[in-house]
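Final position of the sequence shown in this note's numbering is 1556; the numbers increase by one with none missing. Where a beta carbon is used, it is the ideal one built from N, C-alpha and C, also for glycine.
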Amino acid sequence: MPNVRKQSSFHRERVQNEAASIRVRSHSAKCKNRIHHINIEPQVNSFSAVFKILDDRKEDTVEQIQFDYNQRIFEVFEPYLRIRGLTINDVQFFLAGSETAIPESSGAHFLAGRTIYVRDVWVFRSGFIGAKFKT
């Protein structure tokens, strides 16, 4: 009987080794077809900003604004608003065709290639929306 046991254990080991080598080969074949790195940064890293009558100008001002991938909206707009003597608390951000304000803490990369309207807060709090303030 000891010979039979040795023979069956040898056979069992050989079958296990073959199965393991098949698993390794199939795994390496799958890995060759997989994409190992995906670049999720947007190709466009700018958007158009329309400043709706925020300062003494009678017309809207349109600017092309560049941003880094990890910036927030308030970080992107801060220098442009500072030039006009405003802060983030004085304005609201809207997408073209939308009446819902965008939170200033949202990521700028989600808005790449879009048109953003920057409007004065007091206009919406007072309830007056004239024709010149519509998008």
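Proximity to glycine 1518 [Cα-Cα], best of Thr1482, Glu1496, Asn1466 and Val1471: Val1471
As assigned by DSSP and simplified to three states, the class of valine 1483: strand
Glutamine 1513 (DSSP reduced to helix, strand or coil): strand
Inter-residue Cα distance where the pair is lysine 1473 and glutamate 1496: 19 Å
Local conformation of tyrosine 1538 per DSSP, three classes: strand
Cross-strand partners of alanine 1529 (DSSP beta bridge): BP columns for alanine 1529 are empty, so no partner.
Nearest neighbour of arginine 1493, chosen from Asp1481, Phe1531 and Gln1513 [CA to CA]: Phe1531
Alpha helix (DSSP H) segment containing phenylalanine 1498, residue limits: 1494-1504
For serine 1467: DSSP bridge partner residues: Gln1487
Cβ-based burial, tyrosine 1538 [other Cβ within 10 Å; buried from 16]: buried
Nearest-angstrom Cα separation, counted from threonine 1521 out to tryptophan 1543: 15 Å
Residues near serine 1469 by beta carbon distance below 8 Å, same chain, minus five either side: Val1483, Glu1484, Gln1485, Ile1486, Arg1535, Thr1536 and Ile1537
CA nearest to the CA of aspartate 1541, picked from Glu1525, Ala1529, Val1512 and Tyr1501: Val1512
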